[in-house]
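For the numbering used here, count along the sequence shown from 1 and bump the result up by 6.
We put the CB at the ideal spot given by N, CA and C, even for glycine.
These notes concern the structure reproduced below.
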Amino acid sequence: MLDQTQHLRPIGKLFFTVRLQDRHSNLLVQEIERLRHATRKTLNAMPFEIDEIVVLPAAIHTIWTLPEGDADFSKRWRMLKSQFSRGLPAVEVGGPSDFKPYNKGIWQRRFWEYHLRDDEDLEAHRQMIHFAPVQAGLVKRPEDWPHSSIHRAVRLGRGPFVSRVGENPRAFLRAG
Numbered sequence: 007m008l009d010q011t012q013h014l015r016p017i018g019k020l021f022f023t024v025r026l027q028d029r030h031s032n033l034l035v036q037e038i039e040r041l042r043h044a045t046r047k048t049l050n051a052m053p054f055e056i057d058e059i060v061v062l063p064a065a066i067h068t069i070w071t072l073p074e075g076d077a078d079f080s081k082r083w084r085m086l087k088s089q090f091s092r093g094l095p096a097v098e099v100g101g102p103s104d105f106k107p108y109n110k111g112i113w114q115r116r117f118w119e120y121h122l123r124d125d126e127d128l129e130a131h132r133q134m135i136h137f138a139p140v141q142a143g144l145v146k147r148p149e150d151w152p153h154s155s156i157h158r159a160v161r162l163g164r165g166p167f168v169s170r171v172g173e174n175p176r177a178f179l180r181a182g
């Protein structure tokens, strides 16, 4: 008998959205080398695989695969954010009650995480990542954004699917 709950089980990959406190900032692309360095340091200290990523001016969308038996993604994000923020000036946030010695006000305190359920879910989120710069009005085509894993996906023959969905990334979610 077919297991009806199979499609609800996570496949070991997580989708994240992490944002800067100031949604109008361009700090992430302005400091892309600092972000790359922080990511490398985090990967060296606590390995994981970055399946897909796009860095927008004030947000990161990414899919990670964590090592077997190590699900501590919060610790990885804490380290990555901390490494990135080191050496940057603190940003004014709210009132005195918002001040924490470890928080420079650069990042939103929380992030959004979602456990991908199956290959179809993974592919939909890959396309969402690839088309994020288009949706944000930064470029006309996903391949035109320099801070995206779409370039690797194209080399591997996994995207973009513009011929299927035109310029509308949401159409991919309905296609098929």
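Here Leu-94 is exposed: its Cβ has fewer than 16 other Cβ atoms, across all protein chains shown, within 10 Å. For Ala-138 against Leu-20, the beta-carbon gap comes to about 17 Å, at or over 8 Å, which does not count as contact. Membership of Phe-90 in the alpha helix (DSSP H) is indicated by the continuous run 79-91. Scanning its chain for C-beta atoms nearer than 6 Å, with the 5 sequence neighbours on each side dropped, one finds around Ala-65 the residues Arg-25, in chain order.
By the C-beta density criterion, Ile-156 is buried, having at least 16 other C-beta atoms within 10 angstroms. The stretch 55-80 contains no complete alpha helix (DSSP H) run of 4 or more residues.
Here Ser-31 has Ala-64 as same chain residues with Cβ atoms under 6 Å from its own Cβ, once five neighbours each way along the sequence are excluded. Its Cα nearest to that of Arg-29, the residue Val-97 stands out among Arg-123, Glu-55 and Val-97.
In the structure shown, Arg-25 adopts extended strand secondary structure according to DSSP, grouped into three states.
Within a 10 Å sphere around the beta-carbon of Ala-77 sit fewer than 16 other beta-carbons, which makes this residue exposed. His-153 sits in coil when the DSSP states are folded into three classes, being neither helix nor strand.
Excluding sequence positions up to five before and after Leu-86, its CB lies within less than 7 Å of the CB of Ala-44, Thr-45 and Thr-48, all in the same chain and listed in chain order. Around the C-beta of Arg-161, fewer than 16 other C-beta atoms lie within 10 Å, and the residue is accordingly described as exposed.
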